[in-house]
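Chains as they are written, first to last, in the numbering used here: chain A, 1 to 214; chain B, 1001 to 1214.
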């Protein structure tokens, strides 16, 4: 599958690398075509990897990952271009964290709105699926890095898009995602972040994940 | 131990009953002394149970549970009387849910504030510990109701108060609570509620709980 990964940070690099390893063709998108991190990522990731602008990556991908920082996601997706997002499965793994807040980031959207919803509103023909945003990127692509049962959530308005995402999640090693319903459930998963950040401080590691015991 | 339980709803009744069963003397507090639910609870709970006003229950207890609805907690605690809260361990299990919001309640405080913090600010000499607010009350008092590992969180500014709460949690069946630090961590645990409510809809049961897999 051709996949566009928007964002050159740790999350985009980690997801992109794993998708290449799984046999997908992956184009990483950055604000500018000559982005040095994207270029180095391509050199490390091999022949199925390429890079370009946000627009290049979005046009390339049949499925897109939003791996930009949450507060920059809307501008990045606008730069990607609405026509390159229309009808595509857009997997939003970002969180709307205001990282300027100390000691811990707060959310810049929450409670009666979320980044997932905002992206869906801004790009009504994109098929937005929120997922993977409740864990460290090392776990996103390899849930076996921690033992025992733990969970990944999905939500979105388009059932076919969610099926595509669930299949990709299966390839990444996830058994049965918890489907929380429509995109408004992004509020729930994004609002886990304050607990997640506290847990990271408490446990002194980002290598943990939530499990819904039942 | 003498324990005051503020609130006559399902949470207060369930916690109060279990505390009586564990051998504690429990006084349930309501807005009015003659509260019918409190009276019936006393009849069912037996000789170590009593009831009265918020103020009666707060004066009685060495340790207090705030089991009022989150949006009514500050008025209830004011009715209990600051002098009756001073120096007491006050376990806040409430969530600031605006239940008028449909289809699912939203939080009336979050992100840069929380009910736990607000109670601590309002009653600076109370030793507020936030705990148990991330699960159904049946699980609060009997974690074995669901199989496998799952977690309870505590946070608060007073280490001795947290020790008292951890001991009470142990009596309720909880092994090792996750101590998230000071009372500002209430933001994290209260903000779990939107996910919790979605999960309840998705799983069609409130009998689940979060586990931090690591």
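We treat Cβ as the ideally placed atom computed from N, Cα and C, and that holds for glycine.
With distances taken between CB atoms, is the gap from residue i to residue j smaller than 8 Å?
i, j, result
"residue 88 of chain A", "residue 116 of chain A", "no"
"residue 110 of chain A", "residue 1111 of chain B", "yes"
"residue 9 of chain A", "residue 69 of chain A", "yes"
"residue 4 of chain A", "residue 64 of chain A", "yes"
"residue 126 of chain A", "residue 90 of chain A", "yes"
"residue 1209 of chain B", "residue 1135 of chain B", "yes"
"residue 183 of chain A", "residue 128 of chain A", "yes"
"residue 1193 of chain B", "residue 1139 of chain B", "no"
"residue 1099 of chain B", "residue 1014 of chain B", "no"
"residue 35 of chain A", "residue 94 of chain A", "no"
"residue 146 of chain A", "residue 191 of chain A", "no"
"residue 130 of chain A", "residue 189 of chain A", "yes"
"residue 17 of chain A", "residue 172 of chain A", "no"
"residue 175 of chain A", "residue 1149 of chain B", "no"
"residue 1168 of chain B", "residue 1152 of chain B", "no"
"residue 1048 of chain B", "residue 1011 of chain B", "no"
Looking at the unbroken beta strand (DSSP E) that takes in residue i, where does it start and where does it end?
i, result
"residue 1003 of chain B", "1002 to 1006"
"residue 23 of chain A", "Taken as a continuous stretch (DSSP letters only), residue 23 of chain A belongs to no beta strand (DSSP E), as it is neither H nor E."
"residue 210 of chain A", "209 to 213"
"residue 156 of chain A", "153 to 156"
Counting along the chain, where does the alpha helix (DSSP H) carrying residue i start and finish?
i, result
"residue 1131 of chain B", "Element bounds for residue 1131 of chain B: not the alpha helix (DSSP H) but the beta strand (DSSP E), 1127 to 1131."
"residue 1171 of chain B", "1159 to 1172"
"residue 1188 of chain B", "1186 to 1190"
"residue 1045 of chain B", "1036 to 1045"
"residue 137 of chain A", "137 to 140"
"residue 194 of chain A", "193 to 203"
"residue 116 of chain A", "115 to 122"
Give a yes or no on whether 8 Å exceeds the smallest Cβ distance from residue i to chain A.
i, result
"residue 1188 of chain B", "yes"
"residue 1067 of chain B", "no"
"residue 1202 of chain B", "yes"
"residue 1119 of chain B", "no"
"residue 1074 of chain B", "no"
"residue 1195 of chain B", "yes"
"residue 1058 of chain B", "no"
"residue 1112 of chain B", "yes"
"residue 1107 of chain B", "yes"
"residue 1051 of chain B", "no"
"residue 1185 of chain B", "yes"
Any beta carbon from chain B within less than 8 Å of residue i's own beta carbon?
i, result
"residue 24 of chain A", "no"
"residue 208 of chain A", "yes"
"residue 137 of chain A", "no"
"residue 270 of chain A", "Absent from the model: residue 270 of chain A. The displayed extent of chain A is 1 to 214, so no value can be given."
"residue 179 of chain A", "yes"
"residue 191 of chain A", "yes"
"residue 156 of chain A", "no"
"residue 214 of chain A", "yes"
"residue 146 of chain A", "yes"
"residue 86 of chain A", "no"
"residue 161 of chain A", "no"
"residue 149 of chain A", "yes"
Quick check: does the Cβ of residue i come within less than 7 Å of any heavy atom belonging to the ligand COA?
i, result
"residue 1212 of chain B", "In the structure on display, the ligand COA does not appear, and there are no ligands present to speak of."
Figure out for me which residue from the options has the closest Cα to the Cα of residue i.
i, options, result
"residue 1046 of chain B", "B:1065, B:1057, B:1025 and B:1033", "B:1025"
"residue 50 of chain A", "A:58, A:38 and A:119", "A:38"
"residue 1058 of chain B", "B:1105, B:1017, B:1205 and B:1002", "B:1002"
"residue 1096 of chain B", "B:1103, B:1027, B:1187 and B:1029", "B:1187"
"residue 201 of chain A", "A:103, A:163, A:71 and A:124", "A:103"
"residue 185 of chain A", "B:1029, B:1105 and B:1144", "B:1105"
"residue 44 of chain A", "A:197, A:71, A:28 and A:32", "A:28"
"residue 72 of chain A", "A:113, A:211, A:84 and A:118", "A:118"
"residue 85 of chain A", "A:113, A:52 and A:120", "A:120"
"residue 1007 of chain B", "B:1023, B:1053 and B:1022", "B:1053"
"residue 80 of chain A", "A:113, A:114, A:163 and A:32", "A:32"
"residue 198 of chain A", "B:1195, B:1178, B:1197 and B:1137", "B:1178"
"residue 1082 of chain B", "B:1122, B:1092 and B:1114", "B:1122"
"residue 1211 of chain B", "B:1143, B:1114 and B:1023", "B:1143"
"residue 205 of chain A", "A:42, A:137, A:113 and A:92", "A:137"
"residue 162 of chain A", "A:124, A:30, A:92 and A:196", "A:92"
When the cut-off is 8 Å and only beta carbons count, does residue i lie next to chain D?
i, result
"residue 1175 of chain B", "This model lacks chain D altogether, as its protein chains are A and B."
In chain order, each beta strand (DSSP E) run of at least 3 residues that lies wholly inside the stretch 1052 to 1093 of chain B = For the stretch 1052 to 1093 of chain B, whole beta strand (DSSP E) runs of length 3 or above, ordered along the chain, are 1063 to 1066 and 1089 to 1092.
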